[in-house]
Structure formats: structure tokens, C-alpha cells
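Chemist:
Protein chains: 2
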Amino acid sequence: MAATLADVAARAGVSSATVSRVLNGNYPVAEATRRRVTEALRELNYVVNGPARALAAATSEVLGVLVNDVSDPFFGVLASGIQREAAEADLLTMICHTAGSADDELRYMELLLRQRARAIVVTGGGPEDGGHRRRTADLVRQSVARGTRVVFCGREAPPDSEAASVVFDNHGGAAALTRLLLAAGHRRIAYLTGPPHHTTSSARVAGARQALTEAGIDPDSCLWIRSGFSRAAGLEAGRELVRAAVDCTAVVAGNDLTASGVIASLRACGVRVPEDVSVAGFDDLPVAVDVVPELTTVRLPLRSGAVTAGRIATGTERTAPGVVVRMPAELRSRESVAAPGGGLSGAVGLPRER
Amino acid sequence: MAATLADVAARAGVSSATVSRVLNGNYPVAEATRRRVTEALRELNYVVNGPARALAAATSEVLGVLVNDVSDPFFGVLASGIQREAAEADLLTMICHTAGSADDELRYMELLLRQRARAIVVTGGGPEDGGHRRRTADLVRQSVARGTRVVFCGREAPPDSEAASVVFDNHGGAAALTRLLLAAGHRRIAYLTGPPHHTTSSARVAGARQALTEAGIDPDSCLWIRSGFSRAAGLEAGRELVRAAVDCTAVVAGNDLTASGVIASLRACGVRVPEDVSVAGFDDLPVAVDVVPELTTVRLPLRSGAVTAGRIATGTERTAPGVVVRMPAELRSRESVAAPGGGLSGAVGLPRER
DNA sequence: CGAGGCTCAGTAAGCGCTTTCTACGAACCG
DNA sequence: CGGTTCGTAGAAAGCGCTTACTGAGCCTCG
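Residue numbers (the numbering used here), protein chains in the order written: chain B, 1 to 354; chain R, 1001 to 1354.
Spelled out as C-alpha cells, the structure:
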């Protein structure tokens, strides 16, 4: 049933090589022949056999993108930016959902490597685990050796690897955001950190701590609460903050999604934002301006970072191996941060602790 | 650099057939031999060549999932359900983002077909366009002929095709939702339909119209507004409704995302939900209970639908070709719908029209 | 008018794997 | 002790494609 090149060739009365040439257009073929072949191609409903082509040509037309969470808009922006570049280079993008699991990340990298993907883009932050880094570095090495380009977008490639990286200035952004809060007069700040042992979380925490220290404030006098990067995590955290009547005038969420959750649950508990408590986000996702009040946040140039990563991955942009492209972060001051108000405990009418 | 089976065989002092057998474990191999081979495999850092294997075995280990929008939680739920089943069957899931484009949908189907994917799951609704249906039907036929199973999840497979379908009762759900609103006393309802010429939108509209007609109300006395399925579309629509001071006491959004947008923009304009205007959603996504007030919506069993689709796709569950599995919809009555209030125009202090 | 150049197309050698067929011992049995 | 069976592994034939390499015509030009 499935027609092969040979079938088409027979029907068109030519050799299979000619059919291949018509298909790929990389060698001259006389117009008349081309027409006959094209005809036969259509008549037989020919569909090229990808594996066979990939085997013979030692390359394929797929670009793999690894994302932590397909339903997180952060990755949506990244993935669609990369996809656009891939399409430009006639590659088709396949997105693999790792669910934030380090093992799945490796599994998919290996799968893509096995499939001889043209390139692999690993997006988002990753585990800070040494074993994982080492295994990742191994895979990167093998991939590069087999001609699969690897690009990291959102974290640095393992040291000494040939893979390029596009990284966002999480550290600087977090520091700037903290300085903004300090300038507004906040001193008691609750930080919802992202998932622990995660490069992105750590960089943001480190940036914030540095800004605090530089302002002469002991970072440990602030609250550091482990949370996730989802809206649900923010809702949960918001409820917890209120329940514990935490003594703070500002909450810095791990990202905008979390911030929107925090705001929703604070308001549901009667806490006004920003009158009672200021809330800040991170990333400047579309949701940041959908929320009421609009979020003060840190804008990461995700789209252009994705495009850069995509261009490196497709080879449109040639770079030195192991290059690290740094993308700046930029403060977006909007409505959700104001001068310190009564704080959480004040707002809900509980005795302020400490 | 890239070690092949033959390299491994040479190193282990066996034939490549033996190495293949060790790799696949489908033929008996003496323990001692196996050990030597395994050793060589590791020493040479062997990575199987997917295309070569796929070519020889005429099948691959990938399951493709087509989604309209990777960053829409509706598809997130679907994709992760399918992925779980795929993982169970030792297949790896690749998600392709079609951006709702009919052309991309076909392109990706063809890509997956070319790659000899084990199965393809097409999720979500699709264009009602005849040409597209026909081309889809063609591809399905070819896929099946080549041993790639095709499953539709969220819309029916083209007529007479071998592909299975898992469909959600959009029609019945929309009817039930409308009846709920009618029972609450609403008569002037604004419907934000999803994207036009889209199977899901149409089914929901048809269900609502039927319920209206059955209640003796002329469907055309209600407002039918084209919108999208995103939160942004809801925000936009909400603003429009207020701006035009539309005379209605209830808004039925295309889905929960849109509903959350509508609520946000209505409230931003000083309209109370549900006191002034009731708002209903569709799908019962996690966001439905995150929103304030919690959304009255229609629950679609997305997760179990996805699992079913996944099981059919992987072959875990054997079904007759062309089977259509229907999943029921279920009303979820929560806070966002109440008895009719002053309506939109009343709330914003504009003269009520008509 | 024959040599050299061009254009176009066929031949055939793989790409790296799976799998059938075959072969070789060793063990078993009557 | 010859013949059968069983367990194990090699030889080799593809899978469907790409791509040198080769060569047949035909044109051009000295």
C-alpha cells in the first residue's frame, strides 16, 4: 500500500534516483521528466519515509524543545518563539513535556538524540543536582558529536560543553525588584521562592538577598517561603500567609502566575492589594496586566530570548560553541506595589506578631 | 565517533545480530555473551540510531499529539493524560503546537506520518471546513494504511475513517447550562461563542440554542458574540459588553478562560458578579475555582477522555475501527451565577437600551 | 569533423538496523 | 552410538532513501 520511491520511479518510467532528485530539488532534472515524476508522485499518494531519509541523509527535519510544563505560559512564549524560527528554517518543532522531572528531561534528550533531531532546545531552569548536570553534559557531548545542536534557553549549559545558552538575568532582576520595594519603604518582605534546588529559583533568591545585604538589611530578617511556579502555589501560599498572619508589608512571588494566585487569595481574605500589602511578580507574562491590580514585576525578554535560542538551534545564527547570551531583565513598575500599608496581620485584624 | 552496532559487535567479538538481540531482548542470548555485549555497549557509549531502527522495524516509538495551543490548560490536561498512557506503553510523546491553524494541523499530521509515528492523537475541536475535513480524512487513511493509529480527542474523526474518536458532550453541556440560567430567571443572555467555524464552538452554540428554543425563547433574542477561547478574548469581550452597555443579565463565556477574563474586566468596570450580572464558563478547568466568584460551569471529563484516547492510541485498549466514545458533560453550579440582577447597563449607570 | 563540455539520468553502494534462515555444538534418547 | 532436538549465534537480505560515480547524448568550437 505504502508507495516507495521505486514504485513511483517505475510508474514514471525513470530511476528512483531521479525521483529523489525531483523530491529534493538539489539536482537538475529536465522539465518534462519532472512533470512525469510529479504526476506519478501524486497518483500514488507518495509520502516520503522519514526514517529512511534520515538514515540515508544522516539528519532529520525535527527540532526538539524540552519544556517543564506545557501549560505554563512562560514556556508557551518560549516554545512559540522557538517554533517560529524553526518553521523559518523548515524544521518542525516537537515539544516534550518533562513535567519538571530531571529524569524525563534526560529521557527526552536521549530520545531526540536517538531520533537524530537536528537540534534540541532545553528551556527553563533545571535541577542544581550535580549528578543530573553530569549526565546532561554527557548527553550534550554525544549529541554534538552526532551533529545535533543543543541550546539551553533559561539556564546555562553544563560547563565546558559545546552547547550555547541564552540566559535571563534572574539575579539582576530580582535585585532590582527588591531595591524597588526597599525604596518604597518596605522592610518586612515575604519571598515566595520557586521550587528548591532549581537554577531559576536560586538565582532570584540570590539576587534578592544581595540587594537586601547591600541595603544593610539582614536577608534572614525576611521571610523565605518555598513555593512553586504555578498559580495554585500562589493561592496556597496566600492563604498560608493570611492564616499565619505573617508580619510583612510586601510579598514577592516566584513569578507572575504565583503572584496572581497570591493576590486572588489575599483579596478573598479581605486583604487589599496594594493598600494593605504590596505584591510583586516576575517574568512579565501577559497575565501581569490582566490581574487587578496590574502587577509590578520584572520583565524578561522571553520572546527575543526564544528567538535567539531558535536561531542558534537552527543554525541561522552562527555562534562560537559554548557561547552564553545574556538577556537583560527590566523592572516594570505597575499598581501592585505601593508604600507599605498596614501589612497582613493588620488587615485581617489579628494582633501583629513580633 | 558515533558507535554503530557493528562497532559494538566487533568489540564484543560477536555479530551485530547478537548485539541487536541483546538490545531488544526478543531472542535468547547466553548470559555470558549478554554480559560481554552489555559491557561493549557501555564502553562505546552506544546510542541506537532511531531512524535506522525505525526503517528496519517499520515502526517507531513516538506518539504524536496535536494541540491547538500549548499554553492553554485545556490542552495541558489533555496532553498530560495522553502522555501518561503513552509512557505506560513505553512510547514517548511529542506535542505539536498547531496554533489552531488548519494548515499546520495537516503539516504536523503529515510529519508524524512521515516519521512513522506509532500513533497520532489530534486533540481539540477543529475547523468545520469541508476541504480540511477531506484532506484530514486522506491523511488518516494513509496513516492507518501505514500502521499509524489515529485518534481524535475532542472532535469526531472524519466520517468513514478508521480513526477512533473520544468526544465530549459540548452540545448537551451547553444546553444544560442554558437551562440552568433560564431556571434562575435569566432571559437576556449574552453568549460569547468560541472561534467561528470551529466544531467545539458550533456544538456549544447549537446546544444553547436548542435549550432556548425548547423553553420557548427565540434564540435570536439573545446576543451571540464571536470571541476566542483565551483569557484575553474574555477581557476584551467584557470591556466591549460594558462599553456597549449591552442589555443582559447573564454572560455565557466560550470557556472558563474566557469567563475569567470577562469577570476581571466586568469587575474592573464596577460591575458586580453575580449581583449585577451572572457569568458562566465551560470546561471546569482548575481556573474555575481560582476565580472569585467561583465559576458556574460545565465539567468535561478531560482527564479521563485523554486517558481513553491515550489507551486507544497506544493499543492498550482495543476498539473497533472508527469507534466514537462519548464522554458526558456535567453541570457545576457555583457562585458566579445567581438570580438576575440589574444587568450590565444598570450597573454602569447607563440608560438601558431597548 | 573530432575533441571537449554540458546536461540530464541511470547504477549501485551504502546509511545502521532487524530478522529470517541456517549452522554448529551439546545434550538427549532409544 | 547414530539421530534428533534444543539453545545459541552468525550470515545475509533487506527496509527506503541519498548520492557519488558513470555515461549517453547533444552542442560548441578550433
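All C-beta atoms in this analysis are idealised placements derived from N, C-alpha and C, irrespective of residue type, glycine included.
So, does the CB of VAL29(B) fall closer than 7 Å to a CB anywhere in chain R?
Modeler: Counting from 1 along the first sequence, the entry for residue 29(B) is found at position 29. Cβ-Cβ to chain R under 7 Å: no for VAL29(B).
Chemist: According to the neighbour-count rule (16 or more other Cβ atoms, all chains shown, within 10 Å of its Cβ), is ARG134(B) buried or exposed?
Modeler: As a first step, residue 134(B) is located in the first sequence; it is residue number 134 there, counting from the start. Exposed, by the Cβ-count rule.
Chemist: Whose C-alpha, out of LEU1285(R), PRO1286(R), ALA1253(R), ALA1117(R), is nearest the C-alpha of SER1278(R)?
Modeler: As a position in the second sequence, residue 1278(R) is number 278, starting the count at 1. The candidate whose alpha carbon is nearest that of SER1278(R) is ALA1253(R).
Chemist: Helix, strand or coil: how does DSSP classify THR1200(R) here?
Modeler: In the second sequence, residue 1200(R) corresponds to position 200, counting from 1. Of the three classes helix, strand and coil, the one that applies to THR1200(R) here is helix, per DSSP.
Chemist: Under 7 Å between C-beta atoms, does ILE95(B) make it to chain R?
Modeler: Within the first sequence, numbered from 1, the residue matching residue 95(B) stands at position 95. Yes - at least one Cβ of chain R is within 7 Å of the one on ILE95(B).
Chemist: Closest Cβ-Cβ distance between ARG1146(R) and chain B: below 7 Å?
Modeler: Stepping through the second sequence from its first residue, residue 1146(R) is reached at position 146. Chain B contact via Cβ: present.
Chemist: In chain R, what lies closer than 7 Å to ASN45(B) by C-beta?
Modeler: Position 45 of the first sequence, counted from the first residue, corresponds to residue 45(B). Those within 7 Å of ASN45(B) in chain R are GLN1142.
Chemist: Please go through the same chain and pick out, in chain order, the residues whose beta-carbon is closer than 7 Å to the beta-carbon of GLY185(B), but skip the five residues on each side of it.
Modeler: On the first sequence, position 185 is the one that residue 185(B) refers to. Counting only Cβ-Cβ distances below 7 Å, and skipping sequence neighbours, we find ALA339, PRO340.
Chemist: Under three-state DSSP, which class holds GLU1330(R)?
Modeler: Along the second sequence, one-based indexing puts residue 1330(R) at 330. Strand at GLU1330(R).
Chemist: When the Cβ atoms of the segment 309-319 of chain B are set against those of the segment 119-131 of chain B, are three or more pairs found closer than 8 Å?
Modeler: With a cut-off of 8 Å, the segment 119-131 of chain B and the segment 309-319 of chain B count as touching, because enough Cβ pairs lie within range.
Chemist: Go through its chain and collect everything with a Cβ distance to ARG209(B)'s Cβ below 7 Å, but skip five positions before and after it.
Modeler: Counting from one through the first sequence, the residue named residue 209(B) turns up at place 209. Counting only Cβ-Cβ distances below 7 Å, and skipping sequence neighbours, we find PRO219.
Chemist: For a test of the three-state rule: what should DSSP assign to ILE225(B), helix, strand or coil?
Modeler: Position 225 of the first sequence, counted from the start, is the residue given in the question as residue 225(B). DSSP places ILE225(B) in strand when its eight states are reduced to three.
Chemist: Decide if PRO159(B) is buried, meaning its Cβ has at least 16 other Cβ atoms within 10 Å, or exposed.
Modeler: Taking the first sequence and counting its residues from 1, one reaches residue 159(B) at position 159. So PRO159(B) ends up on the exposed side.
Chemist: Going by the DSSP bridge assignment, what does HIS1097(R) pair with across the sheet?
Modeler: Mapped onto the second sequence, residue 1097(R) falls at position 97. Partner(s): VAL1067(R).
Chemist: Please report how far the alpha carbon of THR297(B) lies from the alpha carbon of ALA86(B), in whole angstroms.
Modeler: Looking up residue 297(B) in the first sequence gives position 297. Looking up residue 86(B) in the first sequence gives position 86. If I take the Cα positions, the gap works out to 30 Å.
Chemist: List the endpoints of the continuous alpha helix (DSSP H) containing ILE1189(R).
Modeler: Locating residue 1189(R) in the second sequence gives position 189, where the first residue counts as 1. ILE1189(R) -> not in any alpha helix (DSSP H); beta strand (DSSP E) instead, spanning 1189-1193.
Chemist: If I measure Cβ to Cβ from ASN255(B) and keep anything under 8 Å in the same chain, skipping five residues before and after, which residues do I get?
Modeler: Here the question's residue 255(B) lines up with position 255 in the first sequence. Closer than 8 Å at Cβ, skipping near neighbours: PHE74, GLY194, PHE229, GLY281, PHE282, ASP283, LEU285.
Chemist: Taking a Cβ distance cut-off of 9 Å, strictly less, list which residues of the segment 1270-1291 of chain R are near chain B, in chain order.
Modeler: Taking 9 Å as the Cβ-Cβ cut-off against chain B, the residues of the segment 1270-1291 of chain R that qualify are PRO1286, VAL1287, ASP1290, VAL1291.
Chemist: Does any C-beta atom of chain B lie closer than 7 Å to the C-beta of ARG1332(R)?
Modeler: For this step, residue 1332(R) is matched to residue 332 along the second sequence. For ARG1332(R), the answer is no, since every Cβ of chain B falls outside 7 Å of its Cβ.
Chemist: Report back the beta-carbon spacing between VAL1151(R) and ALA1164(R) to the nearest angstrom; my notes put them in contact at under 8 Å.
Modeler: Numbered from 1 along the second sequence, position 151 holds the residue referred to as residue 1151(R). Numbered from 1 along the second sequence, position 164 holds the residue referred to as residue 1164(R). The pair is a contact, with the Cβ atoms about 5 Å apart (cut-off 8 Å).
Chemist: Which residues in chain R sit within 7 Å of VAL48(B), going by Cβ to Cβ distance?
Modeler: Within the first sequence, the letter at position 48 stands for residue 48(B). ARG1114, listed in chain order.
Chemist: Roughly how many whole angstroms lie between the Cα atoms of ARG1318(R) and ARG1149(R)?
Modeler: The residue labelled residue 1318(R) in the question sits at position 318 within the second sequence. The residue labelled residue 1149(R) in the question sits at position 149 within the second sequence. Their backbone Cα atoms lie some 11 Å apart in a straight line.
Chemist: Determine the chain R residues that contact LEU55(B) at a beta-carbon separation under 8 Å, and present them in chain order.
Modeler: Within the first sequence, numbered from 1, the residue matching residue 55(B) stands at position 55. Per Cβ cutoff of 8 Å: ASN1049, PRO1051, ALA1052, LEU1055.
Chemist: Using DSSP with H/G/I as helix, E/B as strand and the rest coil, what is ILE1120(R)?
Modeler: Locating residue 1120(R) in the second sequence gives position 120, counting from the first residue. In this structure, ILE1120(R) counts as strand in the three-state DSSP scheme.
Chemist: Is there a Cβ of chain R sitting closer than 7 Å to that of GLY25(B), yes or no?
Modeler: Within the first sequence, numbered from 1, the residue matching residue 25(B) stands at position 25. So no, GLY25(B) is outside the interface.
Chemist: Report yes or no: is there a C-beta of chain B within less than 7 Å of the C-beta of PRO1238(R)?
Modeler: Within the second sequence, numbered from 1, the residue matching residue 1238(R) stands at position 238. The amino acid at residue 1238(R) is misidentified as Pro; the sequence shows Gly. Taking Cβ atoms only, chain B never reaches closer than 7 Å to GLY1238(R), which makes this a no.
Chemist: Buried or exposed: ALA125(B), going by 16 or more other Cβ atoms within 10 Å of its Cβ?
Modeler: As a working note, residue 125(B) is residue 125 in the first sequence. Reading off the sequence shown, one finds Gly at residue 125(B), where the question assumed Ala. Counting Cβ neighbours within 10 Å, GLY125(B) comes out buried, since at least 16 surround it.
Chemist: On a Cα-Cα basis, can you pick out the residue from VAL22(B), CYS153(B), SER20(B), GLU110(B) that is closest to PRO301(B)?
Modeler: Along the first sequence, read from residue 1 onward, the residue named residue 301(B) stands at position 301. Here the closest residue by C-alpha is CYS153(B).
Chemist: Which residues in chain R have a C-beta closer than 9 Å to the C-beta of ARG267(B)? List them in chain order.
Modeler: Counting from 1 along the first sequence, the entry for residue 267(B) is found at position 267. Within chain R, the residues near ARG267(B) are VAL1292.
Chemist: So which residues of chain R does GLY194(B) contact, with C-beta pairs closer than 9 Å?
Modeler: Here residue 194(B) is taken as the residue at index 194 of the first sequence, counted from 1. Within chain R, no residue comes near GLY194(B); the closest Cβ sits about 19 Å away, beyond 9 Å.
Chemist: Within 7 Å of any Cβ in chain B, is that where the Cβ of LEU1111(R) sits?
Modeler: Mapped onto the second sequence, residue 1111(R) falls at position 111. Closer than 7 Å to some Cβ of chain B, the Cβ of LEU1111(R) qualifies, so yes.
Chemist: What does DSSP give as the partner residues of LEU92(B) in its beta bridges?
Modeler: If you number the first sequence from 1, residue 92(B) lands on position 92. VAL62(B).
Chemist: On the DSSP bridge list, what partners appear for CYS153(B)?
Modeler: What you label residue 153(B) is simply residue 153 of the first sequence in a count that begins at 1. CYS153(B) is bridged to THR123(B), VAL166(B).
Chemist: Closer than 8 Å by C-beta to VAL1014(R): which residues in its own chain qualify, once you throw out the five before and the five after it? Chain order, please.
Modeler: Locating residue 1014(R) in the second sequence gives position 14, where the first residue counts as 1. If we look at VAL1014(R) and ignore the five residues flanking it on each side, its Cβ neighbours are THR1033, ARG1036, VAL1037.
Chemist: For ALA2(B), return the contacting residues in chain R, with the cut-off set at a CB-CB distance below 7 Å.
Modeler: Locating residue 2(B) in the first sequence gives position 2, counting from the first residue. Within 7 Å Cβ-Cβ: ALA1145, ARG1146.
Chemist: Could you tell me the alpha carbon to alpha carbon distance between ARG1267(R) and ARG332(B), rounded to whole angstroms?
Modeler: Sequence index remark: in the second sequence, residue 1267(R) carries index 267 (1-based). Sequence index remark: in the first sequence, residue 332(B) carries index 332 (1-based). Approximately 24 Å between the Cα atoms of the pair.
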